[in-house]
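Residue numbers (this note's numbering): 237 to 506.
Below you can see the structure in the form of structure tokens.
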């Protein structure tokens, strides 16, 4: 029984020492250490959750390629920890004008329905993705972003004042469309959020500052409610007694300092 009590007492001292060694100047150091530690790491956990779920940055990025190239681009971007959704597609084609010049034409287009309807067939993307470690990111498929200019041919025609072309992406297992000089520009909303490890690291960086602030607040509240007392020369002291004692100590210190200065001046004058 004695050994267990010694071990418990040692564990309490270990916690107090690693939270804040100055807690030994209060009548309930273990209680104070536990409360401060719990409050500090609760705030750290909330901050970590906030960073992971809300501290995300979104920007628009574009990729010029045909269907297979777009799928590869998406898979590699997601493999780097990015979230991707389709914002707007455009079809780029070249043709020779009557004067013999090569002309580039751009027009909004609609991808095939399968392209923006959730997951893609694994047997289809398996032959596209290189290297294979990005295959799982391709199988997620692609969906429209929430704030897109259009999602259907009707919406596209209304926005652009005319019918929209088909992007002519290759269907799963099908062949590439026979359109010379054709390429797609797909604009994606790319969202980057801190990883769990990054978020935990950032939150822990604030832990020391949070601990100091929470210690001041909790000690003040506990002493004000007489739950906690400071240990002084005369035993347990309440908040008012501790403040009064500190004030008197500061005054005595100031008087002693002034007396020493006055004595030094007198010696120098003599």
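Beta carbons are placed, not taken as given, at the ideal position from N, Cα and C, and that holds for glycine.
What does a CB cutoff of less than 7 Å around residue i pick up in its chain, not counting 5 residues either side in sequence?
{"i": "residue 402", "result": "345 and 346"}
{"i": "residue 444", "result": "none"}
{"i": "residue 310", "result": "320, 374 and 378"}
{"i": "residue 385", "result": "324 and 395"}
{"i": "residue 513", "result": "It is not possible to answer for residue 513, since the shown part of the chain is limited to 237 through 506."}
Considering only residues of the same chain and omitting the five flanking positions on each side of residue i, which have a CB-CB separation below 6 Å?
{"i": "residue 408", "result": "Because residue 408 sits at a pLDDT of 48, beneath the cut-off of 50, its placement in the model cannot be relied upon, and the following sentence gives the value as read from the coordinates. If we look at residue 408 and ignore the five residues flanking it on each side, its Cβ neighbours are 357 and 360."}
{"i": "residue 429", "result": "292"}
{"i": "residue 269", "result": "251, 252, 255 and 259"}
{"i": "residue 304", "result": "364"}
Compute the beta-carbon to beta-carbon distance between residue i and residue j, rounded to the nearest angstrom, for a pair I have assumed lies under 8 Å.
{"i": "residue 349", "j": "residue 423", "result": "No, residue 349 and residue 423 are not in contact; Cβ-Cβ is about 19 Å, not under 8 Å."}
{"i": "residue 319", "j": "residue 431", "result": "At roughly 12 Å, the Cβ-Cβ gap does not stay under 8 Å, so residue 319 and residue 431 are not in contact."}
{"i": "residue 329", "j": "residue 341", "result": "5 Å"}
Just to confirm my understanding: we take residue i, look at its own chain, exclude 5 residues before and 5 after, and list those with CB closer than 8 Å. What are they?
{"i": "residue 389", "result": "346, 399 and 400"}
{"i": "residue 300", "result": "328, 419, 420 and 421"}
According to DSSP, what are the bridge partners of residue i?
{"i": "residue 299", "result": "422"}
{"i": "residue 473", "result": "466"}
{"i": "residue 293", "result": "428"}
{"i": "residue 507", "result": "Nothing can be reported for residue 507: it is not among the residues displayed for the chain, which extend from 237 to 506."}
{"i": "residue 402", "result": "346"}
| said: Going residue by residue through the segment 314 to 363, where are the continuous alpha helix (DSSP H) segments of at least 4 residues, counting only ones entirely within it? | reply: Those alpha helix (DSSP H) runs which fall completely within the segment 314 to 363 and span 4+ residues are 358 to 361.
| said: With three or more beta-carbon pairs closer than 8 Å as the criterion, would you say the segment 285 to 292 touches the segment 420 to 439? | reply: yes
| message | When you compare the segment 291 to 299 with the segment 442 to 456, are there three or more beta-carbon pairs, one atom per stretch, that lie closer than 8 Å? | response | Not touching, per the Cβ criterion.
| Would you call the segment 331 to 341 and the segment 264 to 282 touching, i.e. three or more CB-CB distances under 8 Å? | no
| said: As an exercise, report each continuous beta strand (DSSP E) stretch of at least 3 residues that is fully enclosed by the segment 415 to 461, in chain order. | reply: 419 to 428
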